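*Asks:* I'd like to ask some things about the structure below.
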Amino acid sequence: MSTVRVEADRESCISAGRCMAANSSVFDQDDDGIVVVRTTHPAPEHRDSVRKAAYLCPAGAITLRSAP
Ligand code: SF4
């Protein structure tokens, strides 16, 4: 069964925080507000909100990939 791998480009992140608002189990922010991915392989129940986070990110900093 395939899973989703989450990647976040910390260089592109502008600290908007929408990812964390969408799913605080998968996304966090460091002291400067830059995204931190808590888990690169979110559980199935988190996939919709992770997709929402990627869609909402104004910097396009979140990438979702299929992982075997
Ligand atoms: S939504 Fe995008 S820009 Fe905002 S903190 Fe998350 S990764 Fe950074």
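Quick note: the sequence shown uses my numbering, first residue -10, plus one each step. In this text, a Cβ means the ideal position worked out from N, Cα and C, and glycines have one as well. Computed from a predicted model, the values in this text were never measured in an experiment.
Can you check DSSP and say which residues form a bridge with D17?
*Replies:* For the purposes of this step, residue 17 is taken as the residue at position 28 of the sequence shown. Looking at the DSSP assignment, D17 forms a beta bridge with V25.
*Asks:* Name the two residues that bound the continuous beta strand (DSSP E) containing S55.
*Replies:* Locating residue 55 in the sequence shown gives position 66, counting from the first residue. Element bounds for S55: 51 to 56.
*Asks:* Return helix, strand or coil for R(-6), following the three-state DSSP convention.
*Replies:* Here the question's residue -6 lines up with position 5 in the sequence shown. If DSSP states are grouped into helix, strand and coil, R(-6) belongs with the strands.
*Asks:* If you count every other CB in all the chains shown that lies within 10 Å of the CB of A11, and 16 or more means buried, which is it?
*Replies:* What you label residue 11 is simply residue 22 of the sequence shown in a count that begins at 1. Label assigned to A11: buried.
*Asks:* Comparing C-alpha positions only, which one of V39, R(-1), A48, I3 sits nearest to T(-8)?
*Replies:* Taking the sequence shown and counting its residues from 1, the one referred to as residue -8 is at position 3. When only C-alpha atoms are compared, the closest one is V39.
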